[in-house]
Ligand SMILES: Nc1ncnc2c1ncn2[C@@H]1O[C@H](COP(=O)(O)OP(=O)(O)O)[C@@H](O)[C@H]1O
Ligand SMILES: Cc1cn([C@H]2C[C@H](O)[C@@H](COP(=O)(O)O)O2)c(=O)[nH]c1=O
Ligand SMILES: [Zn+2]
């Protein structure tokens, strides 16, 4: 089983492609995005990185992982800005893609069609287990999808779900370990049942 592409020809040949890194919270999406972008920089490729302006958790401008890996980025409000800001670039990185509008799918296609390597990281599911924003569409058009996993904090199995531990029904709620925990399917279903039980008490 190949988890991550280490194909250096694919990494460096100037041919457009779309790579998606998806999974739950704490699954290593941002670390993997930063790793690929830093390798591209070592290969002297011109790299531009974007994140949604609403994601101000760790930093206004930088992309920062839960383990404090950092790469500088441009915060933007709308996916259309990516086309405006991107010229003379080999690689475009996009973090927290779930927060962008559906236009991101077409933007990524246009970039790849123009020979740019696009690497997108984002949550595939929200706290309810539903597909999140443009992520399912991005997975559909991607040349390569890497699904990464956290460790379930209840049982130690691989986690695919982000369980919200505070009461809030909005789809978008920025947060960290105080608001979310990564769980496997079994532990997630149990946690949801317990949440419903508590709500009805
Ligand atoms: N339950 C967990 N399972 C795996 N990693 C965890 C967990 N809790 C905290 N971490 C930390 O989160 C890091 C991954 O952070 P990050 O790349 O920002 O994830 P993501 O972008 O998917 O939320 C791991 O290297 C690890 O240090
Ligand atoms: C599940 C879920 C998460 N969020 C927020 C919480 C964090 O601010 C980000 C995810 O960050 P990460 O790099 O993947 O850890 O998204 C949300 O708004 N709604 C949700 O359902
Ligand atoms: Zn579990």
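Numbering (this note's numbering), first residue to last: 859 to 1059.
Every residue gets a Cβ at the ideal spot worked out from N, C-alpha and C, and that includes glycine.
Exercise. Report whether the distance from the Cβ of residue 819 to the nearest heavy atom of ligand 1 is below 6 Å.
Key: Residue 819 falls outside the range modelled here, since the chain spans only 859 to 1059, and no answer is possible.
Quiz item: Does the count of Cβ pairs from the segment 984 to 992 and the segment 1004 to 1014 closer than 8 Å reach three?
Solution: They do not touch, by the three-pair rule.
Quiz item: ligand 1 heavy atoms versus the CB of residue 879: any closer than 6 Å?
Solution: Flag unset: Cβ of residue 879 not near ligand 1.
Quiz item: Cβ-heavy atom distance between residue 956 and ligand 3 below 6 Å?
Solution: No; taking the cut-off as 6 Å, the Cβ of residue 956 has no heavy atom of ligand 3 nearer than that.
Quiz item: If you drop the 5 nearest sequence neighbours on each side, which residues of the same chain put their C-beta closer than 8 Å to that of residue 965?
Solution: Answer for residue 965: 937, 938, 940 and 941, listed in chain order.
Self-check item: Proximity below 7 Å, CB of residue 920 to CB of residue 907
Solution: Against a cut-off of 7 Å, the Cβ pair of residue 907 and residue 920 comes out as no contact.
Quiz item: DSSP beta-bridge partners for residue 932?
Solution: BP columns for residue 932 point to 908.
Self-check item: Inter-residue Cα distance where the pair is residue 883 and residue 1032
Solution: Rounded to the nearest angstrom, the two C-alpha atoms are 11 Å apart.
Practice problem: Below 8 Å on the Cβ atoms is my guess for residue 899 versus residue 931; work out the distance and round it to an integer in Å. | Solution: The beta-carbon distance between residue 899 and residue 931, rounded to whole angstroms, is 13 Å. This is too long to meet the 8 Å contact definition.
Quiz item: Nearest-angstrom Cα distance between residue 953 and residue 1026?
Solution: In a straight line, the C-alpha of residue 953 is about 24 Å away from that of residue 1026.
Self-check item: residue 959 Cβ short of 6 Å to ligand 2 heavy atom set
Solution: If you check the C-beta of residue 959 against ligand 2, you find no heavy atom less than 6 Å away.
Quiz item: Under the three-state reduction of DSSP, which class applies to residue 1053: helix, strand or coil?
Solution: Looking at residue 1053 - three-state DSSP - the assignment turns out to be helix.
Quiz item: So residue 1000 packs on residue 876, CB below 8 Å; how close in whole Å?
Solution: Yes, they are in contact, since the Cβ atoms of residue 1000 and residue 876 sit about 5 Å apart, within 8 Å.
Self-check item: Own chain residues within Cβ distance below 7 Å of residue 1039, not counting five before or after
Solution: Same-chain partners within the cutoff: 1011, 1021 and 1023.
Exercise. Within the same chain, show all residues whose beta-carbon is closer than 6 Å to that of residue 975, passing over the 5 residues directly before and after it, in chain order.
Key: Excluding positions up to five away in sequence, the list reads 875 and 949.
Quiz prompt | Backbone secondary structure at residue 1042 - three-state DSSP | solution = Here residue 1042 sits in coil by DSSP.
Practice problem: Can you tell me which of 980, 946, 993 and 951 puts its alpha carbon nearest to the alpha carbon of residue 972? | Solution: Residue 972 has its Cα closest to that of 946, out of 980, 946, 993 and 951.
Quiz item: Near residue 960, which residues of its chain fall below 6 Å by C-beta distance, leaving aside the five closest residues on each side in sequence?
Solution: These residues qualify, in order along the chain: 992.
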